[in-house]
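Note sheet for the following structure.
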Amino acid sequence: DAGITQSPRHKVTETGTPVTLRCHQTENHRYMYWYRQDPGHGLRLIHYSYGVKDTDKGEVSDGYSVSRSKTEDFLLTLESATSSQTSVYFCAINRDNLYGYTFGSGTRLTVV
Amino acid sequence: AQRVTQPEKLLSVFKGAPVELKCNYSYSGSPELFWYVQYSRQRLQLLLRHISRESIKGFTADLNKGETSFHLKKPFAQEEDSAMYYCALGSRGAGSYQLTFGKGTKLSVIP
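Taken in sequence, the protein lines are chains A and B. Start counting the first sequence at 92; every next residue gets the next number (the working numbering). Start counting the second sequence at 10; every next residue gets the next number (the working numbering).
Take a look at the structure:
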């Protein structure tokens, strides 16, 4: 266990429904990130957090919101899922530097 | 704005042949470059960071500021090297650290 878990691992949902993905860490790291991974696009940053209740937008934040009410949990919500949000979502944590990133195992989301 | 370019989507080499995965970057500040590897359906793992100048699993990468490149090299490819490789550029903002990734290169080592 790398100290970071994502749930669920797989999800299929219908267009227009809200979806929440969870990232949980046991490392007490300050920084948490959500990326999406798509063929031909690599990893793109959706949102990140630099502390409890402190979040900011990344490169592809439209259609997504996040919340961090506790150090250990970082939630990603798709307000109204669309087919373009079918992707693999990775969470990452970081203590306080650029080389300490640890990634989760990913959540494969399919929007039908 | 920072940008990372990996020109090859797919690179196929024979086992034992040399490997070079290309990475070019664009960044106005002092760059911090990394290589990440993702084996089939696994999480991303840090392979190399330019600051440490170390060799991991036989891979090396040298930062060339003049050419704004950070190519990943290995003299003799192994089948277990088959994976997705991402070059990443680190930046420090106001109270945050971020990685910007390239689009990735899939390395396929042919037995």
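Heads up, the beta-carbon is just placed ideally off N, CA and C, and yes, glycines get one too.
Item	Value
Residues from the region 21 to 34 of chain B in contact with chain A, defined by Cβ distance under 7 Å	none
Cutoff 8 Å: N185/A Cβ touching any chain B Cβ	yes
Q116/A in three-state terms, based on DSSP	strand
Bridge partners - D71/B, DSSP secondary structure assignment	H80/B
Cβ distance (whole Å) where T114/B is taken to contact E17/B below 8 Å	5 Å
DSSP-derived helix/strand/coil call for S174/A	helix
Members of the region 192 to 203 of chain A near chain B, C-beta cut-off 7 Å	Y192, F194, G195, S196 and G197
Cutoff 8 Å: L134/A Cβ touching any chain B Cβ	yes
Range of the contiguous beta strand (DSSP E) that encloses Q87/B	That residue, Q87/B, is in no beta strand (DSSP E); it is neither H nor E in DSSP.
For L166/A, the nearest candidate out of G107/A, H138/A, T173/A and N188/A (CA to CA)	H138/A
Alpha-carbon to alpha-carbon, L57/B and K144/A	32 Å
Chain-ordered residues of the region 116 to 132 of chain A with a beta carbon less than 7 Å from chain B	Y122, G131 and H132
Cutoff 6 Å; reference F194/A; Cβ partners in own chain excluding five residues on either side	F181 and A183
Within chain B, the residues that F181/A reaches when beta carbons sit closer than 9 Å	R52 and L53
Backbone CA spacing between V22/B and G142/A [nearest angstrom]	44 Å
Buried/exposed call for L19/B, threshold 16 Cβ in 10 Å	exposed
Where Y155/A meets chain B, residues with beta-carbon distance less than 9 Å	Chain B residues near Y155/A: none, gap ~16 Å exceeds 9 Å.
N- and C-terminal bounds of the beta strand (DSSP E) containing G142/A	G133 to G142
Per-residue burial, K112/B [other beta carbons within 10 Å of its own, 16 or more giving buried]	buried
Best match in L116/B, A26/B and L53/B for proximity to P84/B [C-alpha to C-alpha]	A26/B
is_contact[K112/B, chain A] using C-beta, thresh 8 Å	yes
Bridge partners - R101/B, DSSP secondary structure assignment	Y106/B
Interface residues of chain A facing Y106/B [CB-CB closer than 8 Å]	Y122, N185, D187, N188 and L189
Residue from E88/B, K24/B and C96/B with nearest C-alpha to L55/B	C96/B
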